[in-house]
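*Asks:* Take this structure, written in structure tokens, and hold onto it; I'll ask about it next.
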Amino acid sequence: MEGKTQEAVAAAAGMSVRTARSWQHGPLPSEGRTSRAWRTRPDSFASIWSEAVEPLLQRDPERALQATTVLEWLEERYTGRFSPAQLRTLQRRLRDWRALHGPEQEVFFPQVHPPGREAQLDFTDAGELRVTIAGQPFTHLFFEFILSHSGWRWAGPAFGETFEALQQGLQGALWGLRLPRALRKLDNFDFLVLDDLGICPKEPRSRRSCSH
24 MEGKTQEAVA AAAGMSVRTA RSWQHGPLPS EGRTSRAWRT RPDSFASIWS
74 EAVEPLLQRD PERALQATTV LEWLEERYTG RFSPAQLRTL QRRLRDWRAL
124 HGPEQEVFFP QVHPPGREAQ LDFTDAGELR VTIAGQPFTH LFFEFILSHS
174 GWRWAGPAFG ETFEALQQGL QGALWGLRLP RALRKLDNFD FLVLDDLGIC
224 PKEPRSRRSC SH
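Quick note on this note's numbering: the sequence shown kicks off at 24 and runs consecutively.
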């Protein structure tokens with residue numbers, strides 16, 4: 024409000040002239056705030072934590088116990104001392120205790136499956152289907168190819184878990200994907216990673232290559 028008196032500015036902002044003058048020559052309200060390191064209210068759970076709550080948490084390695092359940096139990100055991108308004112405080116106490124004293128959490132590494140780069144291969148015994156031809160049992164396996172990202176599948180009959188059956192089934196799947204020339208390198212089994220025009224084994228065994 025350039026060009027106006029302090030009185031006019033204070034009146035427009037709904038404050039006193041003294042407050043307007045202090046803001047003009049001193050720090051802003053947000054600049055004058057300091058972080059506090061003390062509690063604004065006493066911890067209601069401190070006196071009963073070690074005798075009542077901590078034993079419950081020690082018997083809960085799966086971390087299934089919820090703060091709402093603990094608070095309801097405390098309200099019944101210590102009548103009049105706790106209320107639902109203290110739920111947020113108890114949730115923070117449970118979180119902090121588990122972080123410092125709880126069992127270690129299992130670490131999970133997320134698996135990323137880029138589109139068109141990884142596939143799972145497997146042979147499945149088809150005997151339980153009881154397929155017959157001219158009354159005779161048709162003994163065979165199923166070769167199955169599954170793209171890890173999209174779940175696209177291809178399956179075909181096989182007559183043994185052999186390298187030749189694997190090669191034939193894989194070539195059929197690649198034809199289904201319209202990638203007939205994608206087969207460059209084969210390991211014995213465990214082909215999981217498609218690398219552009221190549222297939223890289225996840226766990227190399229007796230290496231064997233094919234060129235087309």
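Heads up, the beta-carbon is just placed ideally off N, CA and C, and yes, glycines get one too.
State yes or no: is the C-beta of L88 within less than 8 Å of the C-beta of L79?
*Replies:* Their beta carbons are under 8 Å apart, which means L88 touches L79 by this criterion.
*Asks:* If you run the structure through DSSP and keep just helix, strand and coil, what is A12?
*Replies:* With the chain represented from 24 up to 235, any question about residue 12 goes unanswered, as that position is not in the structure.
*Asks:* Checking 8 Å against the spacing of the C-beta atoms, do A181 and L164 come in under that value?
*Replies:* Their beta carbons are under 8 Å apart, which means A181 touches L164 by this criterion.
*Asks:* Going by CA-CA distance only, name the one from E167, R104 and E99 that's closest to S70.
*Replies:* Nearest option by C-alpha distance: R104.
*Asks:* Using CA atoms only, rank isn't needed, just tell me which of P84, T185 and A90 is closest to D145.
*Replies:* Nearest of P84, T185 and A90 to D145, Cα basis: T185.
*Asks:* Using beta-carbon positions only, say whether A178 and F161 come within less than 8 Å of one another.
*Replies:* Taking 8 Å as the Cβ cut-off, A178 and F161 do not qualify as a contacting pair.
*Asks:* For R116, which residues in the same chain have their Cβ closer than 7 Å to its Cβ, ignoring the five residues on either side in sequence?
*Replies:* F68, listed in sequence order.
*Asks:* What residue range is occupied by the uninterrupted beta strand (DSSP E) comprising F165?
*Replies:* That run of the beta strand (DSSP E) goes L164 to L170.
*Asks:* Tell me the DSSP bridge mates of D145?
*Replies:* Note: D145 sits in a beta bridge opposite E167.
*Asks:* Ordered along the chain, which non-local residues of its own chain (more than five positions away) have a Cβ less than 6 Å from that of R176?
*Replies:* Excluding positions up to five away in sequence, the list reads I169.
*Asks:* What's the gap between the Cα of K208 and the Cα of R140?
*Replies:* With a pLDDT of 42 at K208, under the threshold of 50, the modelled position of this residue cannot be trusted, and the question is left open.
*Asks:* Return the chain-ordered list of same chain residues with a C-beta closer than 8 Å to the C-beta of L94, the five sequence neighbours on each side being excluded.
*Replies:* Same-chain partners within the cutoff: F105, P107, Q109, L110 and L113.
*Asks:* Of the residues E30, R41 and P126, which one's Cα is nearest the Cα of D84?
*Replies:* Sequence inspection shows Pro at residue 84; the Asp mentioned does not correspond to that position. Cα-wise, what sits closest to P84 is P126.
*Asks:* In the DSSP assignment, find the unbroken alpha helix (DSSP H) run with H136 in it and report its ends.
*Replies:* Neither: H136 is in no alpha helix (DSSP H) and is coded neither H nor E.
*Asks:* For Q134, which residues in the same chain have their Cβ closer than 8 Å to its Cβ, ignoring the five residues on either side in sequence?
*Replies:* Result list for Q134: empty, nothing under 8 Å.
*Asks:* So the alpha helix (DSSP H) D66 belongs to, where does it begin and stop?
*Replies:* Segment: none, D66 is in no alpha helix (DSSP H) and carries neither H nor E.
*Asks:* For Q159, list the residues DSSP reports as bridge partners.
*Replies:* According to DSSP, Q159 bridges with I156.
*Asks:* Is R104 helix, strand or coil by DSSP?
*Replies:* In the structure shown, R104 sits in coil (DSSP, three-state: anything other than H, G, I, E or B).
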